[in-house]
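Structure record follows, encoded as structure tokens.
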Amino acid sequence: MLPLQDRRVVLGVTGGIAAYKAVEIASQFVKLGADVDVVMTAAAQQFVLPLTFQSLTKRPVVVDMFHLLAEMHIGHVSLGERAEVVLIAPATANTIAKLASGLADDMLGSTVLATRAPVVLAPAMNDLMYENQVTQENLGRLRARGFTIVEPEYGRLAEGKMGKGRLAEPRVIVDIVRGVLGRTRDWAGKRVVVTAGGTQEPIDPVRYLTNRSSGRMGYAIAEAARDRGAAVTLISGLSSLPRPGGVEFVLARSAAEMLEQVMPACDGADLLVMAAAVADFRAAEVSTQKLKKFEEEGLVLRLVRNPDILKLAAERYGPLGLPVLVGFAAESENLVANARLKLAGKKVDLVVANDITAPGSGFGTETNKVVLVHQGGEEELPLLPKYDVAMRVLDVARQILSEREQGRARR
Ligand code: C5P
3 MLPLQDRRVV
13 LGVTGGIAAY
23 KAVEIASQFV
33 KLGADVDVVM
43 TAAAQQFVLP
53 LTFQSLTKRP
63 VVVDMFHLLA
73 EMHIGHVSLG
83 ERAEVVLIAP
93 ATANTIAKLA
103 SGLADDMLGS
113 TVLATRAPVV
123 LAPAMNDLMY
133 ENQVTQENLG
143 RLRARGFTIV
153 EPEYGRLAEG
163 KMGKGRLAEP
173 RVIVDIVRGV
183 LGRTRDWAGK
193 RVVVTAGGTQ
203 EPIDPVRYLT
213 NRSSGRMGYA
223 IAEAARDRGA
233 AVTLISGLSS
243 LPRPGGVEFV
253 LARSAAEMLE
263 QVMPACDGAD
273 LLVMAAAVAD
283 FRAAEVSTQK
293 LKKFEEEGLV
303 LRLVRNPDIL
313 KLAAERYGPL
323 GLPVLVGFAA
333 ESENLVANAR
343 LKLAGKKVDL
353 VVANDITAPG
363 SGFGTETNKV
373 VLVHQGGEEE
383 LPLLPKYDVA
393 MRVLDVARQI
403 LSEREQGRAR
413 R
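Using my numbering, read the sequence shown as starting at 3 and increasing by one per residue.
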């Protein structure tokens, strides 16, 4: 199933040069499975044709309230009523001012006024208009009413100068909307910490030891948890993947840095998923100067053990019962037996054992073949996209979390 299968999104497009980027936003929603109704202001139609959106969404684009009123079956408020989320991207200063005062003189205004769905605004405008006190006050009022504001970025503006006012990246806007849609799902109100990627263990100022982890599995878990409504902290080693929007992102290069970030993040968290490939060893000494060639005798590096972050988290948080602890086990043989040893050895709630020798599974691939091993049994999953594996991991973890919460309530 697609991440936004049949979710009802209303996309409001207002009249700024960034309106062309709304085309990309609509396209991304369609690819994710959503039903997208586009509402355009009159000014937006000066920048992009309704036909562009209509071709992408396969649905009529709403451009004129009075024309629609004639077709009584879609009155001027029904779009707002059926929406699960309303996104306005780009949102001009003018539209923001109108929404802040509750004006409903066009379809977009009446849709927003009539909706009970959450509203997300992605402002885009000239930097001076954005900074203007009245715009900031209007945004403040909307935020206080529960609107989510996707901050514009600093960058090149339409006039050619640099400033803050560029529409946020379409992918990031879509990601944030995915999180907002998650508020009705089973991880809403929960806090999830995910680690991802390989760590880098420095040798000298230019060299490091690392592994082949791409970060894909951990990023997929962070995205899936966000899509199910969790507040997610993603603690990542270096990865070439784009940073997901709608999650708190923390960079942790080495195992030591990761440990430093994971421990406090777990305080008050409901789930920790250690999907990072933490290097088991680091250089005993890190040279402050670049090491020279040792052509004759070669170079002997002495390595020492890194702390086992998951084990330390289990020692600290295990007795508290929260967060639920999930580890990964990359194995090339005796998958389940080794995973059971890890479950007991590290005292965690769930081990996701992946067979790194199976085709299409393990490091760097888009798919994964895993067995979920926990106290209650084990579940072998077929080869699946990493996002789907993430969903199944979250199903089991949610079950464990519910049991834990019920247990606590009884005590
Ligand atoms: O013991 P092993 O390295 O196979 O265990 C893998 C699991 O432990 C993964 O979840 C990994 O993120 C975690 N781990 C850790 N700290 C380490 C090594 C592994 O938290 N130093």
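C-beta atoms are modelled at their ideal positions from N, C-alpha and C, and glycine is treated no differently.
{"Check": "How would you call Leu144, buried or exposed, if buried means at least 16 neighbouring beta carbons within 10 angstroms?", "Outcome": "buried"}
{"Check": "Within 10 angstroms of the Cβ of Glu333, are there 16 or more other Cβ atoms? Answer buried if so, exposed if not.", "Outcome": "buried"}
{"Check": "Taking DSSP's pairing of strands, which residues face Pro204 in a bridge?", "Outcome": "Tyr210"}
{"Check": "State yes or no: is the C-beta of Ala134 within less than 9 angstroms of the C-beta of Ala95?", "Outcome": "Reading the sequence as shown, one finds Asn at residue 134 and not Ala. The answer is yes: Cβ separation under 9 angstroms."}
{"Check": "Using DSSP with H/G/I as helix, E/B as strand and the rest coil, what is Pro344?", "Outcome": "Here residue 344 is Lys; the residue named in the question, Pro, does not match the sequence. Looking at Lys344 - three-state DSSP - the assignment turns out to be helix."}
{"Check": "Quick one, which of Leu303, Ala160, Tyr319, Ile178 has its alpha-carbon nearest Ala271's?", "Outcome": "Tyr319"}
{"Check": "Who sits around ligand 1, taking every residue whose Cβ is closer than 5 angstroms to one of its heavy atoms?", "Outcome": "Met276, Ala278, Val280, Asn308, Asp310, Ile311, Leu312, Gly329, Phe330"}
{"Check": "For Ser238, report the span of its beta strand (DSSP E) as first-last.", "Outcome": "233-238"}
{"Check": "Could you tell me the distance, in whole angstroms, from the CA atom of Pro1 to the CA atom of Arg230?", "Outcome": "Only positions 3 to 413 of the chain appear in this structure, which leaves residue 1 out of reach."}
{"Check": "Can you list, in chain order, the residues of its chain with a C-beta nearer than 6 angstroms to that of Ser215? Leave out the 5 residues immediately preceding and following it.", "Outcome": "Gly199, Gly200, Ala279, Phe365"}
{"Check": "Kindly say whether Ala116, judged by its beta-carbon, lies nearer than 9 angstroms to any beta-carbon of chain B.", "Outcome": "As a matter of chain content, chain B is missing from the structure shown, which is built from one protein chain."}
{"Check": "Note down the Cα distance separating Asn128 from Arg168, rounded to an integer number of angstroms.", "Outcome": "8 angstroms"}
{"Check": "Of all the options Tyr210, Leu110, Val249, Leu314, which has the alpha carbon lying nearest to the alpha carbon of Gln180?", "Outcome": "Checking the sequence, you will find Arg at residue 180 rather than Gln. Out of Tyr210, Leu110, Val249, Leu314, Val249 has the C-alpha closest to the C-alpha of Arg180."}
{"Check": "Which two residues bound the contiguous alpha helix (DSSP H) that contains Phe31?", "Outcome": "21-33"}
{"Check": "What distance in whole Å lies between the Cβ atoms of Val395 and Ile151, which are believed to be in contact at a cut-off of 8 angstroms?", "Outcome": "Their Cβ separation, rounded to whole angstroms, is 32 angstroms, which puts Ile151 and Val395 out of contact at 8 angstroms."}
{"Check": "At which residue ranges does the stretch 142-193 contain complete beta strand (DSSP E) runs of 3 or more residues, listed in the order of the chain?", "Outcome": "155-158, 164-168"}
{"Check": "For Ala267, which residues from the same chain have a beta carbon less than 7 angstroms from its beta carbon, with the 5 sequence-adjacent residues on both sides left out?", "Outcome": "Val195, Thr235, Ile237"}
{"Check": "In the structure shown, what three-state DSSP assignment does Glu83 receive?", "Outcome": "helix"}
{"Check": "What residue does the beta strand (DSSP E) around Pro125 start on, and which one ends it?", "Outcome": "121-125"}
{"Check": "Mapping the DSSP letters down to three states, classify Gly409 as helix, strand or coil.", "Outcome": "helix"}
{"Check": "Count the other CB atoms, across all protein chains shown, that sit within 10 Å of the CB of Tyr389; report buried if there are 16 or more and exposed otherwise.", "Outcome": "buried"}
{"Check": "Alpha carbon to alpha carbon, how far is Glu131 from Thr137?", "Outcome": "According to the sequence shown, residue 131 is Met rather than Glu. Roughly 7 angstroms separates the two Cα atoms."}
{"Check": "To the nearest angstrom, how far is the alpha carbon of Ala21 from that of Ser363?", "Outcome": "40 angstroms"}
{"Check": "Helix, strand or coil: how does DSSP classify Thr369 here?", "Outcome": "strand"}
{"Check": "CB of Ala331 to nearest heavy atom of ligand 2: below 8 angstroms?", "Outcome": "With respect to ligand 2, the structure offers nothing, as its ligand set consists of ligand 1."}
{"Check": "So, is Glu225 buried or exposed, given that buried needs 16 or more other C-beta atoms within 10 angstroms?", "Outcome": "buried"}
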